[in-house]
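Data first, discussion second: the structure below is written as C-alpha cells.
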Amino acid sequence: MSGPAPRSAARRRRLPLRLLLPTLLLAALMAMLMLRGYVHSEILADHRIRPEATTDEVPQKILDGGPVIDTRDGHETGLRVPDHRLVLTFDDGPDPTWTPKVLDVLERHHAHAVFFVTGTMTSRYPALVRRMVAEGHEVGLHTFNHPDLSYQSRSRIDWELSQNQLAITGAAGVRTSLFRPPYSSFADAMDDRSWPVTRYIGSRGYITVVNDTDSEDWQKPGAGEIVRRATPKGGKGAIVLMHDSGGDRHQTVEALDRFIPELQARGYRFDNLTEALGAPSALTPVTGPDLWQGKAWIFLVQASDDITGTLAICLAVVGGLVIARFALMLLLSGAHSRRVRRKDFRWGPPVTEPVSVLVPAYNEAKCIEATVRSLAASEHPVEIVVVDDGSADGTADIVEALNLPGVRVVRQRNAGKPAALNRGIAHASYDLIVMMDGDTVFEPSTVRELVQPFGDPGVGAVAGNAKVGNRDSLIGAWQHIEYVMGFNLDRRMYDVLRCMPTIPGAVGAFRRSALEEAGGMSHDTLAEDTDITMALHRAGWRVVYAENARAWTEAPESVQQLWSQRYRWSYGTMQAIWKHRGALLDRGPSGRFGRVGLPLVSLFMVVAPLLAPLIDVFLLYGVVFGPTRRTVLAWLGVLAIQAVCAAYAFRLDKERMTHLISLPLQQILYRQLMYVVLLQSWITALTGGRLRWQKLRRTGVVEAPGGPVRRERAAVVSGDGGGVDRAPDRSAVT
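Residue numbers for the sequence shown follow our numbering, so the first one is 3 and each next one is one higher.
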C-alpha cells in the first residue's frame with residue numbers, strides 16, 4: 003500500500019506543461035537579456051578610475067624603459083620599437099562604423115597595426131576582428147568590460163582576460179599574448195597600484211603594451227593636430243596610441259590617410275608589434291574544444307543580440323500600435339456615446355414585439371432561479387425557453403417548480419452549448435431572439451434596451467453590456483476592470499468601425515432570419531459567440547452595441563476557473579479567426595470585416611498579448627540595471643494612458659472609480675496569467691490539440707442591482723406563445 007503513494011505524489015508535484023513552457027521561455031528571455039546586458043557593459047561594468055599613486059614599488063628600469071613591458075617568467079623588461087618603425091595601436095574597438103574605415107586606410111597604404119579590442123565589442127562584431135587577423139594585423143586584449151584593473155580582484159582580472167580571449171578565439175580562431183590595460187598611459191606613469199596588476203598579468207603569460215606617443219585623437223583636435231602629435235621626433239620608433247571606437251572618429255581616419263603616406267615617404271615602416279620587434283607572432287591558432295567554445299560564445303551573443311533586439315523592436319511597434327489603439331478607442335467610443343445618447347437619436351420605430359429569450363443551462367442549479375426570475379421581471383414582453391443540456395443537478399426541475407407563466411423547459415441529452423442554442427431557436431416563437439447564459443441576471447430594462455436597435459432593418463444582431471456581478475474579490479475586481487475597459491470600450495469602437503468581433507454569450511440578441519442566413523450556432527469552434535458574430539458580418543448584417551442592455555454575470559472566482567474560461571475563449575477565438583480568414587479576400591461588408599475586424603482582433607487579442615511579459619521583463623531589467631529613471635517613467639507613462647482609458651470607460655458605464663485602485667497590480671499579475679493562457683492556446687493550435695468544454699463552478703451569488711428580483715413580472719408571454727400576460731400595476735405590488 004505504501005509503494006504507489008510516492009509515485010502519485012511525484013505526479014502531483016510535476017509542473018504542468020502549460021506552466022513549464024512559459025516558465026522556460028521567460029527564463030530563456032531573462033538569460034538572453036542578462037547576456038546582452040553583460041556584453042553591452044550594463045551588467046558587472048565598473049567605470050571607476052583610480053587617481054595617480056606613488057611609484058615607490060615600481061622598478062626604475064620599468065619607469066625609464068620602453069612601452070613594451072614583459073614580466074613573464076619573473077623577469078622585468080621594458081622594450082622599445084627600433085628607429086623608423088611605427089606601431090599604430092587602436093583601442094576600444096572594434097566599432098561597426100569606424101573600424102572598417104581605419105582598416106580600409108591601412109590596407110590602402112599597406113600598413114599593419116595592433117588593435118587592442120574589448121571582449122564586449124569583439125563579441126558583438128566578430129567579423130571585424132576576423133578581418134583584422136586576415137589582413138595581417140595583430141589583436142590584443144583590452145579586457146572584456148574595460149574596468150580599471152587596479153580596483154579588481156585577481157579572480158575578476160582572470161575573468162576579464164579569459165572572457166576577452168574567448169571572444170577573440172570565437173571571432174578569429176586565434177589566441178593572443180598582447181595586453182593593454184584600460185586607462186593606460188606611458189611606462190613612466192606606472193604606479194604602485196597598476197604595477198602589481200602588470201606583474202600578475204605577466205605571470206599569466208601576457209606582454210603588457212602601453213605607448214610612448216599619444217595622438218590624443220579622443221580630444222578631436224583636428225586631423226592636422228593628430229598628425230603632429232603622432233609623429234615621433236628624430237626618426238625614432240614609436241608605439242602610437244589611437245582609437246577606432248568610443249565616439250566619432252572621422253578625424254582619426256582623416257589623419258591616418260595623411261599620416262601614413264607622409265611618414266612612409268620619410269622612411270618609416272608601419273608594422274604590427276612583433277614585426278617591429280622581430281619576434282614570433284603574438285597570435286597562435288586555436289583548435290579543438292577551445293575553438294568551439296569560442297564559437298559557441300559568439301553564437302550565443304549574436305543570438306541574444308538579435309533576439310532581444312527583434313523583441314525590443316516588436317515591443318516598440320506593438321506598443322505604438324497599442325497606444326494608437328487606446329487613442330482610437332477614446333475617440334471612437336466617445337463618438338459612439340455622443341451619438342447614441344443624443345435626445346433625438348433613434349434606431350428606428352420603437353420595437354415592442356415579443357421576444358424569445360433562450361437560456362442554455364448545464365448544471366446551473368445554483369444560478370438558474372435568479373436567472374429565470376430576472377427574466378420574468380422584464381419590462382418587455384418575453385417568452386423564456388430554458389434548454390437543459392443534460393444537467394445532472396436538477397436544473398430543469400428547479401425551473402419547472404417555479405411555475406412561472408411564459409417559461410418553458412426543453413430537455414436534451416448533453417450535446418454542448420451550440421446544440422442547446424440551436425434547439426432553443428427551433429422552439430422559439432418569435433423572430434427576435436435573445437441569448438444569455440444560465441449564470442447571468444438581467445435588469446428589468448435589459449431586454450427592452452437590447453432589442454431597440456432592431457428598429458434598423460440592417461441590424462442583424464446586438465451585443466449587450468456584460469458586467470461582473472461578483473467584483474468584491476481581487477480577481478473579481480480585475481475582471482471587472484477588464485470587462486468595462488477591455489470589452490465594452492472595445493465594443494463601442496468596433497460598433498463605429500462596423501466590425502464587432504463578438505456578441506457576448508451572456509447578453510446578445512439576433513434576428514431569426516440573420517441566424518438562419520449565417521447557418522445557426524456552429525460546433526466548429528469553442529467560441530460559438532465569436533463564430534456566429536463573424537458569420538453575420540460575412541452575411542452582410544450589421545452588428546451593434548447597446549450600452550444600456552446590462553447583464554450581470556458571475557465571473558470565475560479562482561485562478562483555475564479563470565484559466566479554464568480564458569483558455570477556451572482564446573483558443574476558440576483563434577479557431578474563429580482561422581475559420582473566417584476567407585473574409586480577407588471578400589468584397590462588400592464581409593471584406594470590410596475581413597480587412598478591418600480580423601486584423602484588429604488578431605493583433606490585439608492573439609498576437610499582442612504574447613508580448614505582454616516583455617513589458618515587465620524589460621521593466622525589471624531597466625530598474626535593476628538601468629536606466630532606472632527612464633524605465634520607471636516609461637512604465638508609469640504607459641500605466642497612465644491605461645488609467646485614463648479605464649477611467650473614461652468607467653465614466654461611460656457610470657461605474658465607481660474605486661476599483662481602479664487595483665489597476666497597477668492587474669497590469670503586473672493578471673497580464674502574466676493571460677499570457678500563459680494565450681501561450682497554451684497557441685500550443686494547442688499549433689499541435690492540433692483538441693480542447694473540451696470546461697464547466698465552471700458557480701456560486702449563485704450574482705443579483706441584479708437593487709437586490710433579489712421580484713417574483714411578479716411586468717410582462718410575460720404565455721407558455722404556448724399565444725398571448726401576453728400583464729402584471730398588475732407596480733404601485734400595487736407589495
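Cβ coordinates follow ideal geometry from the N, Cα and C atoms, glycine included.
Just so you know, these numbers come straight off a predicted model, no measurement behind them.
{"Asked": "Distance between L151 and R158 (C-alpha atoms, nearest Å)", "Found": "8 Å"}
{"Asked": "Complete runs of the alpha helix (DSSP H) confined to the stretch 256-336 [at least 4 residues]", "Found": "275-279"}
{"Asked": "Cβ pair count under 8 Å reaching 3, the stretch 474-489 against the stretch 565-572", "Found": "no"}
{"Asked": "Start-end ranges of the alpha helix (DSSP H) lying completely within the stretch 564-594, minimum 4 residues", "Found": "590-594"}
{"Asked": "Neighbour-count burial assignment, N405, 16 or more Cβ in a 10 Å radius", "Found": "exposed"}
{"Asked": "Beta bridge counterpart(s) of D93 as assigned by DSSP", "Found": "F118 and H245"}
{"Asked": "D72, enclosing beta strand (DSSP E) - first and last residue", "Found": "V70 to D72"}
{"Asked": "Beta-bridge partners of V443, as assigned by DSSP", "Found": "W554"}
{"Asked": "Delimiting residues of the alpha helix (DSSP H) encompassing T57", "Found": "Neither: T57 is in no alpha helix (DSSP H) and is coded neither H nor E."}
{"Asked": "Distance between D474 and P149 (C-alpha atoms, nearest Å)", "Found": "55 Å"}
{"Asked": "Check whether G121 and F627 have beta carbons under 8 Å apart", "Found": "no"}
{"Asked": "Nearest to A372 (by Cα), restricted to the options I400, V509, E355 and D66", "Found": "I400"}
{"Asked": "For F456, three-class secondary structure by DSSP", "Found": "helix"}
{"Asked": "Those residues which DSSP pairs with V646 across a bridge", "Found": "DSSP lists no partner for V646."}
{"Asked": "F146, DSSP secondary structure in three states", "Found": "coil"}
{"Asked": "Host beta strand (DSSP E) of P128 (start-end)", "Found": "Per DSSP, P128 belongs to no beta strand (DSSP E); it is in the alpha helix (DSSP H), P128 to A136."}
{"Asked": "Per DSSP, cross-strand counterpart(s) of T210", "Found": "I71 and F181"}
{"Asked": "8 Å Cβ cutoff met for N550 and E657", "Found": "no"}
{"Asked": "Test item: CB-CB of P591 and G542 under 8 Å", "Found": "yes"}
{"Asked": "Sequence-distant residues of the same chain with beta carbon closer than 7 Å to N424, five excluded per side", "Found": "G522 and M523"}
{"Asked": "Among P53, F595 and S566, nearest to R195 - alpha-carbon criterion", "Found": "P53"}
{"Asked": "CA nearest to the CA of D526, picked from V546, V509, T124 and I579", "Found": "I579"}
{"Asked": "Three-state secondary structure (DSSP) of A465", "Found": "strand"}
{"Asked": "For F512, the three-state DSSP class (helix, strand or coil)", "Found": "strand"}
{"Asked": "Rounded separation between E137 and I670 - CA only", "Found": "52 Å"}
{"Asked": "Residues near D655 in its chain [Cβ-Cβ closer than 6 Å; skip 5 each side]", "Found": "V486"}
{"Asked": "Local Cβ density within 10 Å of R348, reported as buried at 16 or more and exposed below that", "Found": "exposed"}
{"Asked": "Among M32, R343, A651 and Q674, nearest to L313 - alpha-carbon criterion", "Found": "M32"}
{"Asked": "Boundaries (first-last residue) of the beta strand (DSSP E) holding I435", "Found": "L434 to M437"}
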